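To start, the structure under review is shown below, and the notes come after it.
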Amino acid sequence: MKKRQLVIVGNGMVGHRYVEELVDKGGLTQYEVTIFCAEPRVAYDRVHLSSYFSHHTAEDLSLVKQGYYEKHGIKVLINEAVKAIDPVTRTVQSNQGRTLTYDALVLATGSYPWVPNITGSGHHDCYVYRTIEDLDAIQRAAKTAKSGAVIGGGLLGLEAAGALKALGLQTHVIEFAPMLMAEQLDRAGGELLRRRIEAMGVTVHTSKNTREILHHKGKQGAHRLEFADGTSLEVDVIVFSTGVRPQDTLARYCGLPVAERGGIAIDDHCLTNAPDVYAIGECAAWQGRFFGLVAPGYKMAQIAVAHLLGEADAAFTGADMSAKLKLLGVSVGSIGDAHGRTAGSHSYVYLDDANGVYKKIVVDADNSRLLGAVLVGDTEDYGNLLQMKLNAMPLPAHPDSLILPAYAGAKPALGVDALPDTAQICSCFDVSKGRIAEAVAKGCHTVAAIKAETKAGTGCGGCVPLLTQVLHAELAKQGVEVNNHLCEHFAHSRQELFHLIRVGGLKTFSEVLQKHGQGYGCEVCKPAIGSILASCWGDFVLQDEHLPLQDTNDIFLGNMQKDGTYSVIPRMPGGEVTPTALAALAKVAADYKLYTKVTGAQRIGLFGARKDDLPTIWARLIDAGFETGHAYAKALRMVKTCVGSTWCRYGVQDSVGLGVELEHRYKGIRSPHKMKFGVSGCTRECAEAQGKDVGIIATDKGWNLYVCGNGGMKPRHADLLAADLDKDTLVRLIDRFLMFYLRTADKLQRTASWLDNMEGGLDYLKSVVVEDKLSLAAELEAQMADIRATYVCEWTATVQDSAKQTRFAHFINSPKTDPLVQFVPERSQHRPATIDERVPQCCGCKEHV
Amino acid sequence: MMNWTTVCKLQDIVPGTGVCALVGDNQVAIFRPNSSEQVYAIDNIDPFFQASVLSRGLIVEHQGKLWVASPLKKQRFGLSDGVCMENIDHSVRSYPARVHQGQVEVAY
C-alpha cells in the first residue's frame, strides 16, 4: 500500500516532539514524513539556550539524536521554508521552488520575538534572543562592548541578562512594569528576585518606558536609551526581550483563520479550519489564546498525533502555565494562580531575607485545595506543590507546613491513595497514576524500573517523590513487601550483612550462608559477599574457598572481552609512567600481539590477551616494575591527575604527588562498586575531579574535598564535603568517607546513588564524616588502616605460585588454545573477528592469531 | 552403551567452580558445584556471543535448580539440561558426566 504523505512545517522543539510521538506510536507505517526546517540546523533546546554561552555547544543543545531522522526514513529539508499552502490542491510550496503534495499537514512554525515600535530599535546593534544565530550575533557584538541592556524583565529577558553578564558585560535590565516577572511572580517575590539579581551586579530599572534609542557614541556607550520619565542610559549592546508573537504569517497569507491576538485558530484536535491541516505549539491559538511555553506545545503534539492516527476523541483541554527555572543563578517557580486572584482565596508566606528565600502558597477559601504558588530562591517544593495543584489533592491540616524549611519537621505526605487513576503524576511526559499502577502490576518494583518503563520522572524530576509514594502504595495494595534484601538467598540488605559478617567474625561464604542465608547462592549474593569478605578481612580473593564467589574478571584478574579474551591494564599511579616502563610495556604488547589503547583512566590497556598467556604476560610486566591496576575489580580504579604545580604555570599544589600517594593508599580495597578519584592542581579542574567518587581540588590554602560525583551513564556533579583542608585532615576524611561507604552502601551502588538515596543527604554525610556525630570516626579510620595493611598485588601473588597458574590453561585436558579466539586487522592493529569472519574448523593452532 | 571419556581428576576442579575440557572436537564446560562428587557437563560456548566462556561463569541456584551464569551477559544455563532461562531458543547441549575412581568422565 502506498504510504500517505505527511508534511511538517517547522522543526523546533514542538515540531520535533511531534515526530518522536509519531514514531513511538508507529505512525510511520502509514505515513511518509517530510519536514521543512527554515533554520540551518534541526531542532534544539531553546529552553536552555543560555547554557550555550556557559559551556554548551550547538550539538549539546540539539534535541535530535545523531541519525535519528535517517534511521526512520524521515526527510528533513534544512534551510528551506514553506512560502505558500494551497488547501484546495493540498500542496505546499517552498522558497527553493519545491512543491509537495500532502495528505496531512502540520504547522509548527513557533513564534518570533516581538520588538516594540520604538524609534531606533531597527539598528544592527539591537538584538533579539531566540535562535542560536541570535546568540552568535550577540556574542560577536559583546567582544567589543563594555555594557549591555535587556529591554524586558520577564522570564526570557532575565535569561538574556544572564547571558550578557556571562559574556562579561556590565548588564542592565529595563522593565516597563514596576516589578520583574510580573506574569509569574507577586510583588514580594519580584522584589526579592530583584535584590538577588542586583547583588550579582546586574542593574535593574523598573517602571521604565523606553521611548527612543539614539545611536551616537556617548561617554558610557554607543547607544542611548531615552526613557519617558526624562532619564537615559548609555550602553553598547541592546537586546529586546519584550515577548513573543505566534509565527502565523504563512497561515494568514493562505487564508487560514487566525485569532484576534495572533495564532492560527485550532479546535480541540489541533485542526485548523482547512481539512487535515493541524497547527501545534506557539504558532497555534486555542480558544483565542496562544501558549508561550513548551509544555502545552508538547501536549498539542501528542493530541495531534493521536488524532491523525485515528483517535477521534483525542482533545486538547488547555494547559497549565506553571514554570520552574533558574535565572541568573536564582531558582524561581510559579504555579497556577500566583497572584491570588481567585475570589475568596488566601495565602501563606514564608520569607527568609538573609538567605534570599521567598515562598508563597495560595489556597482556596475553605483551605482544602492549593490554587497557586510563588517560589524564589528555593524551588525544592515545586514538584510536590505542582502535583497538589494539578491533581486537586486535599491539603494537609496546616497548609503552611508545605513551605516551611526541613528543620521545622517532616513535611506532610501527600495522600496518593485519594488520587484518581487519571491524575497526572509526571507532567513532562504526561504519565498518569493509572499508567504507573499498570507498570507496577507488570513487575516494575523500583523507581528506576518505572522510569525506564513509563519515562515518568525522567524530565524535570520534580514528580519523583510523588512517583515513589504511588509505587509504595501500589506495592502495598498488591501485598508486595518493599525490601532491600540482597537476593532470594539472603533476607538482609548489604549493609546488614556487612555488619553481621564483621561482628560474627565470619570468614567464608559457606559460614555466612549457613548462619544468615538459605540455598546455594547466586550471581547476586556470591560476588556481593565475596566483596564484603574482602572489605572486612582483606584475605587474598583467590584463595580456593573464595574462588567460587568471584566473577570471572576477579578470577583471571582481567576484564573479559566479548570473545573471551582479557584486557591487561597495569597500574600507572596518577597517570605517571617512565619511558623505560613504557618501552617494556610496548615490548610485551608487541610480543603477544595485543591491541593497545590509552584508556579513559590515564593508563594503557592491552587487549585480546588469551587466558593461557596471562600469567607470562604479567610475569614480564611485574619484572618491569608494574603491578596490577585492578581494572577488573570493584575497587579503586585510578586517581586522575592534572600536571599540577610542579610543571603547570597555573597550578597551586602538587596534584600528581597527592594523586600518586592516594592511589597507593587505597589500591586493591574491595568496595561495593568501582571507584574513581581525581586531583586537580587548581580551580581550572583539568582532572575533572568533580565527576569522580572522590575529587580533590587545590586551593591557595590547601585542598577542597568533593565526593559522590559520577561520569558515565548518569553524570552527577560531586558535592563539596569540606574546604581548604591540610593534607593530613584531607586523608583522614577520605579514610572515613570510604569506610562509611564500604559499610553502608547497597550492592553495586556507586557513591553517587548511595548519597542520593541517603536519608538526610549531604548534611547527614557531613555530620558523620566531618563532624563525627555518630562517634564513629576513630573506628572507621582504624578499619581502613587494617584493610590497607593487607594489600598484595594479586598478579604478583599469582605469578609466584605455580599452582595458581594451572587454571589459566584454556583446556584442562589439552595444551591447545581456544579456536574461537581469532583476530582480523584493523587500523594497523587488530580486533576480534566477527562470527562471520572466523575461519571455520580452526583446530586451536596459534597460526590464526 | 555410553562412550565415557576421562577428562581430569576430580581434585583438579576447585569446589564451586568449572573447567573447560576438549572432548572430541567439542569444548565442554564441566562444573563441580560443591565438594561432593556431583559434576555436570554442558557446551562451553555461550550461544549469544559464540565465545568459549561458560566454564568461567558463576554457579548459581534459582527455582531449586543449579545454573551457570554466563560471564559475558549473565544469561543462565541449566547445569543438568543446558536450558537457557532467558531464552529457550539459546539453550546449549548437555552431556552425561560422572566421577569414576576419582576421575571426571563425560559421555558424548
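Sequence lines, in order, name chains W and F. Counted from 1, the first sequence has number 831 at position 836 by my numbering; the numbering is strictly sequential. Heads up, my numbering is the position in the second sequence plus 1144, with the first residue counted as 1. A virtual CB, placed ideally from N, CA and C, is assigned to each residue, including glycine. Source: prediction; values computed, not measured.
Within 7 Å of chain F by C-beta, residues of the region 490 to 522 of chain W in sequence order: 514, 515, 516, 517, 518, 521
If contact is defined by three or more beta carbon pairs under 8 Å, each pair taking one atom from either stretch, is the region 649 to 657 of chain W in contact with the region 669 to 688 of chain W? yes
One or two residues paired with residue 612 of chain W in a DSSP bridge: Translated into positions along the first sequence, residue 612 of chain W becomes position 617. Looking at the DSSP assignment, residue 612 of chain W forms no beta bridge with any residue, so it has no partner.
For residue 74 of chain W, name the three-state secondary structure that DSSP assigns. The sequence position of residue 74 of chain W within the first sequence is 79, counting from 1. The answer is coil: DSSP assigns residue 74 of chain W none of H, G, I, E or B.
In its own chain, which residues sit with a C-beta less than 7 Å from the C-beta of residue 727 of chain W, not counting the 5 before and 5 after it? By one-based count along the first sequence, residue 727 of chain W stands at place 732. So the list reads 776, once near-sequence residues are dropped.
Take residue 206 of chain W as the anchor and find which of W/363, W/226, W/713 has the nearest alpha-carbon. Counting from one through the first sequence, the residue named residue 206 of chain W turns up at place 211. Comparing Cα positions, the closest option is W/226.
Would you say residue 1204 of chain F reaches chain W, if we count a Cβ-Cβ gap shorter than 9 Å as a contact? Sequence index remark: in the second sequence, residue 1204 of chain F carries index 60 (1-based). Yes, its Cβ sits closer than 9 Å to a Cβ of chain W.
Check whether chain F comes within 9 Å of residue 543 of chain W, counting only Cβ atoms and requiring the distance to be less than that. By one-based count along the first sequence, residue 543 of chain W stands at place 548. By this cut-off, residue 543 of chain W is an interface position.
Could you tell me the boundaries of the beta strand (DSSP E) in which residue 121 of chain W lies? The residue given as residue 121 of chain W occupies position 126 in the first sequence. It spans 121 to 123 - the beta strand (DSSP E) in which residue 121 of chain W sits, taken as one unbroken run.
CA nearest to the CA of residue 633 of chain W, picked from W/688, W/183, W/474: On the first sequence, residue 633 of chain W is found 638 positions in, with the first residue counted as 1. Closest by alpha carbon: W/688.
For residue 463 of chain W, which residues from the same chain have a beta carbon less than 6 Å from its beta carbon, with the 5 sequence-adjacent residues on both sides left out? On the first sequence, residue 463 of chain W is found 468 positions in, with the first residue counted as 1. The residues are 442.
Going residue by residue through the region 188 to 253 of chain W, where are the continuous beta strand (DSSP E) segments of at least 3 residues, counting only ones entirely within it? 198 to 200, 205 to 210, 218 to 222, 227 to 230, 232 to 235, 239 to 241
Note the first and the last residue of the continuous alpha helix (DSSP H) segment covering residue 782 of chain W. In the first sequence, the residue the question calls residue 782 of chain W occupies position 787. 772 to 784 is the span of the alpha helix (DSSP H), which, as asked, contains residue 782 of chain W.
Does residue 637 of chain W come out as helix, strand or coil in the three-state DSSP assignment? Position 642 of the first sequence, counted from the first residue, corresponds to residue 637 of chain W. Three-state result, residue 637 of chain W: coil.
Test item: CB-CB of residue 366 of chain W and residue 331 of chain W under 9 Å: For the purposes of this step, residue 366 of chain W is taken as the residue at position 371 of the first sequence. For the purposes of this step, residue 331 of chain W is taken as the residue at position 336 of the first sequence. Yes, these two residues count as a Cβ contact at 9 Å.
Rounded C-beta distance between residue 377 of chain W and residue 370 of chain W? I'm assuming under 8 Å. As a working note, residue 377 of chain W is residue 382 in the first sequence. As a working note, residue 370 of chain W is residue 375 in the first sequence. Yes, they are in contact, since the Cβ atoms of residue 377 of chain W and residue 370 of chain W sit about 6 Å apart, within 8 Å.
Would you kindly report the start and end of the unbroken beta strand (DSSP E) that includes residue 511 of chain W? As a position in the first sequence, residue 511 of chain W is number 516, starting the count at 1. Run containing residue 511 of chain W: none in the beta strand (DSSP E); it sits in the alpha helix (DSSP H), 504 to 511.
Cα-Cα separation between residue 1186 of chain F and residue 1225 of chain F, rounded to whole angstroms: If you number the second sequence from 1, residue 1186 of chain F lands on position 42. If you number the second sequence from 1, residue 1225 of chain F lands on position 81. Computed Cα separation, rounded: 8 Å.
Report the three-state DSSP secondary structure of residue 565 of chain W (helix, strand or coil). As a working note, residue 565 of chain W is residue 570 in the first sequence. Reduced to three states, the DSSP call for residue 565 of chain W is strand.
Closer than 9 Å at the beta carbon, the chain F residues around residue 668 of chain W: Numbered from its first residue, the first sequence carries residue 668 of chain W at position 673. Those within 9 Å of residue 668 of chain W in chain F number zero; the least Cβ separation is about 16 Å.
Start-to-end residues for the beta strand (DSSP E) that takes in residue 1185 of chain F: The sequence position of residue 1185 of chain F within the second sequence is 41, counting from 1. It spans 1184 to 1187 - the beta strand (DSSP E) in which residue 1185 of chain F sits, taken as one unbroken run.
Report the partner residues of residue 726 of chain W according to the DSSP bridge assignment. As a position in the first sequence, residue 726 of chain W is number 731, starting the count at 1. Answer by DSSP bridge pairing: none, since residue 726 of chain W is not bridged.
If I measure Cβ to Cβ from residue 339 of chain W and keep anything under 8 Å in the same chain, skipping five residues before and after, which residues do I get? Stepping through the first sequence from its first residue, residue 339 of chain W is reached at position 344. The residues are 359, 360.
State the Cα-Cα distance for the pair residue 76 of chain W and residue 293 of chain W, rounded to the nearest angstrom. Position 81 of the first sequence, counted from the first residue, corresponds to residue 76 of chain W. Position 298 of the first sequence, counted from the first residue, corresponds to residue 293 of chain W. Residue 76 of chain W and residue 293 of chain W: Cα-Cα distance of roughly 22 Å.
Would you check if the region 156 to 170 of chain W and the region 307 to 320 of chain W touch, i.e. whether three or more CB-CB distances between them fall below 8 Å? no
So, with DSSP's three-state summary, where would you put residue 864 of chain W? Only positions -4 to 844 of chain W appear in the structure, and residue 864 of chain W is not among them; the question remains open.
Kindly list the residues whose CB is nearer than 7 Å to the CB of residue 544 of chain W, restricted to its own chain and excluding five residues on each side of it in sequence; keep chain order. On the first sequence, position 549 is the one that residue 544 of chain W refers to. Contacts found: 504, 521, 522, 524, 525.
Who are the Cβ neighbours of residue 1252 of chain F in its own chain at under 8 Å, not counting the five residues just before and after it? Here residue 1252 of chain F refers to the residue found at position 108 of the second sequence. Excluding residues within five positions, the ones whose Cβ falls inside 8 Å are 1147, 1149, 1167, 1168, 1170, 1172, 1239.
Given 8 Å as the limit, is there contact between the region 87 to 107 of chain W and the region 56 to 66 of chain W, that is, 3 or more CB pairs closer than that? no
Residue 9 of chain W by DSSP, collapsed to three states: which one? The residue given as residue 9 of chain W occupies position 14 in the first sequence. Correct three-state label for residue 9 of chain W: helix.
Within 10 angstroms of its Cβ, does residue 61 of chain W collect 16 or more other Cβ (buried), or is it exposed? For the purposes of this step, residue 61 of chain W is identified with residue 66 of the first sequence, where counting begins at 1. Exposed, by the Cβ-count rule.
Taking just the CA atoms, how far does residue 778 of chain W sit from residue 532 of chain W? As a first step, residue 532 of chain W must be located in the first sequence, where it is residue number 537. As a first step, residue 778 of chain W must be located in the first sequence, where it is residue number 783. The straight-line gap from Cα to Cα measures roughly 10 Å.
Return the Cβ separation of residue 489 of chain W and residue 741 of chain W in integer angstroms, given the expectation that the two are a contact with Cβ distance under 8 Å. Against the first sequence, residue 489 of chain W aligns to sequence position 494. Against the first sequence, residue 741 of chain W aligns to sequence position 746. With a Cβ gap of about 5 Å, residue 489 of chain W and residue 741 of chain W count as contacting.
Using three-state DSSP, classify residue 85 of chain W as helix, strand or coil. One-based indexing of the first sequence puts residue 85 of chain W at position 90. Correct three-state label for residue 85 of chain W: coil.
At a cut-off of 8 Å, would you count residue 482 of chain W as near the ligand MN, judging by its Cβ distance to the nearest heavy atom? In the structure on display, the ligand MN does not appear, and there are no ligands present to speak of.
Closest residue to residue 631 of chain W among W/569, W/219, W/607 (Cα-Cα distance): Residue 631 of chain W sits at position 636 when you count from the first residue of the first sequence. Among W/569, W/219, W/607, the Cα nearest to that of residue 631 of chain W belongs to W/569.
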